[in-house]
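Quick note: the sequence shown uses this note's numbering, first residue 11, plus one each step.
Glycine included, each C-beta is placed from N, C-alpha and C at the ideal position.
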Amino acid sequence: MPEFNREKRFKTRSERGTLAIAETIAEMLPAPRVIILRGDLGAGKTTLVKGWVQALGAGSPEDVTSPTFTLVHEYQGRKTHIYHLDLYRLETERELATLGLEEMAADPAALVLIEWGEKFESVVALARAEVAMAHLEGDERSLDIRWQE
Ligand code: ADP
Ligand code: MG
């Protein structure tokens, strides 16, 4: 498992706040990079991706929907190719192998954002950052970012 040597914590009070923080995070964690997005259902992982896609000029927040059933969605930004994965429904490394994650990670312009990536050792081994989101009270969320420069 790669060592993360940097960390930073954010708090937001609204969905809009999370979209705004995504802009800062997008600057902190440029491509190429595989990033695991952790947190319970409703923590705000997909919402963060909406802001991230917007920050990189790859679309507006409404363009981003959860890849829970489709597994992978792609967005082309000004310089970055964003892959958004949700592995919640995936059960085995075997099913994961069909998605071509290694090819995505090998793309020098790629940012691979993976919800529920911590379920799979092979994803953890590729990850160069993680964002752990937690639901505090009401619309408050915390975001703990750990990464490798
Ligand atoms: P996940 O992908 O982690 O399951 P989603 O981003 O799909 O979570 O859903 C988060 C839900 O919580 C959305 O309905 C969103 O409107 C709501 N929400 C409320 N406050 C926030 C916040 N501060 N950040 C992100 N989402 C929030
Ligand atoms: Mg989600």
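Cutoff 7 Å: residue i Cβ touching any chain D Cβ
i           : result
residue 130 : Among the protein chains of the structure shown there is no chain D, as only one such chain exists.
Cβ-based burial, residue i [other Cβ within 10 Å; buried from 16]
i           : result
residue 130 : buried
residue 114 : buried
residue 158 : exposed
residue 32  : buried
residue 146 : exposed
residue 143 : buried
residue 51  : exposed
residue 55  : buried
residue 57  : buried
Secondary structure of residue i, DSSP reduced to three states
i           : result
residue 95  : strand
residue 26  : helix
residue 129 : helix
DSSP beta-bridge partners of residue i
i           : result
residue 44  : 122
residue 84  : 93
residue 157 : 16, 139
residue 144 : 152
residue 21  : 152
Original post:
Does the count of Cβ pairs from the region 17-28 and the region 88-103 closer than 8 Å reach three?
Top reply: Contact between the region 17-28 and the region 88-103 is absent, with fewer than three C-beta pairs closer than 8 Å.
**OP:** Report all residues for which the CB-ligand distance to some heavy atom of the ligand MG is below 7 Å; order them along the chain.
**Re:** 55, 56, 76, 78, 96, 125
**OP:** Decide if the region 117-126 is in contact with the region 42-52; the criterion is three or more beta carbon pairs, one per stretch, under 8 Å apart.
**Re:** yes
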